[in-house]
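At position 32 of the sequence shown (counting the first as 1) the number is 101 in our numbering, and the numbers step up by one without a gap.
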Amino acid sequence: MRRALVLVGRRSTLAALTSLGLFVYYVATMGRDLSWFDSAELAMTSVQLGLPHPPGEPLYTLLGALGVRLWPGAPLVACNLLSAVPGAACAFFAFRIADRLGADRAPWPLVSASVLAVGIQATVWDQCSRIEVYALAVAFCLPVVLLALPALEPVAGEDGLSRGRWALAGGLSGAAAGVNPVIATLAVLGVLVALAPALRRRPRRVIPALGWASLAGVVVVAACYAYLPIIGGLRDRFVWGAPSSLHRLGFFLTGRDFAQPPFSHPGMTALELLGAHVGPFLSWARDVGLVWVLGLGTIGFVAAGRSHHLALVVPALCGGLAFGLGNEPYLPAIPDLGGYLMLAAWGLGVGLVLLGVRVARARPRLGVGFSVALVAVTAISGQGVTTRERSGHRLARELALCFLEGVPDRAIAIVESDHLLFPLLYLQQVEHLRPDVVLVGAGLASSGWFWEQLYARHPALLPLPAAGDRWRRLAGFLRAQPDRRVVTESAALAAHVAPGSPLCPQTLGFLLERDCPEVPARLADFVARAMDRLHAFEEIDRDILAWVVSAQAEGLVALGQVEPALRLYWSSAPPRVRAALPLPAAAGAGPVALPRLPRLWLDRPSRNLERAAALLSQTGRSELADLYRRAAADADRL
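See below:
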């Protein structure tokens with residue numbers, strides 16, 4: 070087995086040292102707390118031994134639960150390490166794959182430098198420094214590629230198609246599917262496409278090898294996903310879908326709870342939608358340095374005479390791009406979209422090594438310069454390695470606490486945004502903060518399993534009326550709890566669940582009551598302080614803060630509270646822009662309306678300043694409106 074994985078020898082030691090260096094960097098800069106989107110959900114289900122959203126990531130959850138229980142420190146540190154450790158392991162396997170493709174006689178500093186350049190690339194680092202599944206999935210996929218390489222040669226030895234090698238490759242593929250089936254599928258497709266010539270030349274040897282791989286993969290996948298029905302009937306933790314029966318298991322695995330049609334955009338075909346997003350992707354990929362890895366890596370395979378090995382990477386690249394570019398609206402800053410490209414980044418990172426080796430063989434001095442330049446380019450791209458530091462990153466937690474500050478005792482809190490809902494669930498279910506609050510996810514309200522778990526946590530709730538769509542269920546649920554006060558995340562959400570109800574602004578969100586105390590300014594102060602602390606690479610933090618501000622200010626304007634809304638818009642600008650903008654003084658105003666900008670998953674400070682300028686114009690402060698409008702052009706650069 071050690072021979073199969075090529076884990077011994079001097080080059081493996083050098084690969085391990087390269088991986089160790091990257092591990093030190095990841096650990097030094099990784100988060101120690103919650104992060105955005107799926108991070109809090111994955112952390113919560115790992116600590117609880119629960120079940121996250123479909124397809125469930127069972128192996129990730131089990132390894133996370135094991136890590137949390139073995140780690141002597143804070144659980145969230147263990148959860149972040151589950152990205153840093155496999156992320157660094159990817160460097161080891163990329164080094165050994167490059168050696169197998171012809172870099173084994175190249176100076177090891179050149180190989181290490183090229184591998185490190187991929188590891189510190191902003192998109193790859195992002196997946197290895199926060200709680201997510203992609204680093205672990207790719208760490209299982211790369212050794213599959215390493216194991217498959219001998220079988221791709223024109224004359225494969227007996228070991229290249231041995232039963233043990235391919236059974237191990239199949240088992241690792243199954244493990245990758247237990248973490249993320251999409252990444253595993255793309256890796257397997259790459260191996261199958263690359264193996265097609267060997268299958269034509271010697272089918273009697275290749276087919277049995279694939280048979281052993283398939284058998285081992287099915288066994289491992291079945292073992293991983295057996296976790297779902299075992300955990301499905303529990304109500305004392307977060308178990309998405311409660312897949313305790315065959316029907317519920319099928320419902321869960323198909324993702325019908327929250328699935329949306331792919332490539333859905335009125336008046337556009339799938340190809341037109343993909344084409345429209347190519348430009349924004351290339352601009353983003355250039356800014357973060359990913360375009361150099363993908364482009365030069367492809368050139369490296371061709372220059373080294375290994376173009377036939379590109380088949381290993383093409384499915385990962387095309388599939389990763391399709392998953393990202395098919396979203397509408399397309400926002401490259403969303404971390405998941407970069408996660409789907411991580412396998413392609415490491416695969417084409419091997420091409421970077423091969424390109425450096427090719428240059429060094431032609432002109433040794435140029436080879437050294439190439440490696441240094443490669444590291445330098447990736448180090449300064451994506452705002453640079455020296456600015457990346459997540460160890461003190463607590464904004465997801467702080468935003469959730471900011472919301473809880475305005476929730477009365479025993480109130481019902483209805484939340485829609487993932488960046489707020491799952492940190493709130495983690496704080497309540499894992500850290501037991503505010504267990505009195507009935508926390509309702511508006512996006513989950515159409516699912517019976519969600520209500521079952523909610524009533525298990527709050528048995529004093531009065532029964533839920535007859536089922537319907539999520540808005541009918543929410544409206545009926547509120548009518549059934551007349552003694553509980555209600556807070557919604559936004560005024561727009563309140564209009565869905567309780568049309569016509571009076572609203573009182575809270576620190577964050579709106580209380581469905583008529584008698585309002587003085588409008589709090591604490592959210593504006595919170596946002597301004599958070600913007601002051603942001604590092605240059607944290608565009609996602611900037612955009613989430615801007616979205617929170619736009620949603621809250623929209624409700625304030627609807628209530629006629631223009632000045633608090635203007636203060637909020639002003640607070641979401643970066644410090645250097647905010648310093649040049651006077652905070653508008655109170656002024657009388659008649660009816661006002663915000664400009665109709667398209668609603669996105671995230672927002673931008675520039676859009677908020679445009680909204681502020683429109684409000685100022687409508688209230689007769691044209692000169693100040695022009696100043697805000699000019700500032701908007703520069704407001705998205707931290």
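Even glycine gets a Cβ: it sits at the ideal position worked out from N, Cα and C.
Being a predicted model, the structure only gives us computed values, none of them experimental.
- Item | Coil, strand or helix - Ala702 by DSSP | coil
- The beta strand (DSSP E) with Gly624 in it runs from where to where? Run containing Gly624: none in the beta strand (DSSP E); it sits in the alpha helix (DSSP H), 608 to 627.
- Cβ-Cβ separation, Gly239 to Gly286 (assumed contact under 8 Å), whole Å: 4 Å
- Query: Should Leu464 and Ala599 be called a contact, given that it needs their Cβ atoms to be closer than 8 Å?
  - Reply: yes
- Out of curiosity, what's the CA-to-CA distance linking Gly90 and Val116? The straight-line gap separating the alpha-carbon atoms of Gly90 and Val116 is approximately 29 Å.
- Message: Let me confirm a value: Ser376 is counted as buried when at least 16 other C-beta atoms fall within 10 Å, else exposed. Which label applies?
- Response: exposed
- Item | Extent of the continuous alpha helix (DSSP H) run through Thr254 | 250 to 270
- Message: Is the separation between the beta-carbon of Glu679 and that of Arg706 shorter than 8 Å?
- Response: Their beta carbons are not under 8 Å apart, which means Glu679 does not touch Arg706 by this criterion.
- Item | Proximal residues to Ile403 (C-beta, below 8 Å), its chain only, five neighbours per side dropped | Phe106, Asn396, Ile609, Trp670, Leu671
- Task: Report the rounded CA-to-CA distance for Pro643 versus Asp601, giving the unit in angstroms.
- Result: 7 Å
- Extent of the continuous alpha helix (DSSP H) run through Thr688: Premise fails: Thr688 is in no alpha helix (DSSP H) and is neither H nor E.
- Query: Along the chain, where does the alpha helix (DSSP H) that runs through Gly358 open and close?
  - Reply: No alpha helix (DSSP H) holds Gly358; DSSP gives it neither H nor E.
- Message: Given a cut-off of 8 Å on the beta-carbon distance, is the pair Val251 and Tyr129 in contact?
- Response: No; because the gap between Cβ atoms is not below 8 Å, this pair is not in contact.
- With DSSP run on the structure shown, which of helix, strand or coil describes Pro574? strand
- Message: Between the alpha carbons of Leu284 and Val290, how many angstroms are there, rounded?
- Response: 10 Å
- Message: Are the CB atoms of Leu508 and Leu494 within a distance shorter than 8 Å?
- Response: yes
- In chain order, what residues of the same chain have a beta carbon less than 8 Å from the beta carbon of Leu536, not counting five sequence neighbours either side? It is worth fixing the name first, because residue 536 is Ala in this sequence and not Leu. Leaving aside the five residues that flank Ala536 on each side, the residues in its chain whose CB is nearer than 8 Å to its CB run, in chain order, Gly517, Arg542.
- Ignore the nearest five residues each way along the sequence and tell me which others in Gly416's own chain have a CB closer than 7 Å to its CB. Within its own chain, the residues whose Cβ lies closer than 7 Å to the Cβ of Gly416, once the five positions on either side in sequence are excluded, are Leu381, Val382, Ala385, listed in chain order.
- Message: Looking at the strands, I want to know which residues DSSP matches up with Leu555.
- Response: The sequence given here places Val at residue 555; Leu does not occur at that position. In DSSP, Val555 forms a bridge with Ile481.
- Over what stretch of residues does the beta strand (DSSP E) that includes Leu508 continue unbroken? 507 to 510
- Task: Examine the Cβ distances between the stretch 177 to 197 and the stretch 421 to 433 and report whether three or more of them are shorter than 8 Å.
- Result: yes
- Between Pro141, Ala265, Gly280, which lies nearest to Ser231 when the distance is taken from Cα to Cα? Gly280
- Apart from the five residues just before and just after Leu363, which ones in its own chain have a Cβ nearer than 6 Å to its Cβ? Leu417
- Message: Val556 and Ala482 - do their beta-carbons sit closer together than 8 Å?
- Response: yes
- Message: Suppose you measure from the CA of Arg553 to the CA of Val214; what does that come to, to the nearest Å?
- Response: So the alpha carbons of these two residues sit roughly 57 Å apart.
- Message: On the criterion of 16 or more Cβ atoms from any shown chain inside 10 Å, does Thr192 qualify as buried, or is it exposed?
- Response: buried
- If we count the other Cβ atoms within 10 Å of its Cβ and call it buried at 16 or more, is Ser691 buried or exposed? The residue is exposed, with fewer than 16 neighbouring Cβ atoms inside 10 Å.
- Query: What is the C-beta distance between Leu406 and Gly393, in whole angstroms, given that I count them as a contact (C-beta under 8 Å)?
  - Reply: 4 Å
- Query: Does the pairing of the stretch 346 to 356 with the stretch 365 to 375 give three or more beta-carbon distances under 8 Å?
  - Reply: no
- Using CA coordinates, which residue listed in Ala253, Arg138, Pro571, Leu614 is at the minimum distance from Arg676? Leu614
- Message: Given this structure, state the Cα-to-Cα distance separating Glu632 from Asp594, to the nearest angstrom.
- Response: 14 Å
- Task: Pull up the DSSP beta-bridge partners for Leu580, would you.
- Result: Val556, Cys573
- Over what stretch of residues does the alpha helix (DSSP H) that includes Asp107 continue unbroken? 107 to 117
- Message: Give me the residue from Leu118, Val187, Val96 with the minimum Cα distance to Met411.
- Response: Val187
- Task: Could you check what DSSP says for Val308 in three-state terms: helix, strand or coil?
- Result: strand
- Query: How many Å lie between Gly569 and Pro144 at the Cα?
  - Reply: 43 Å
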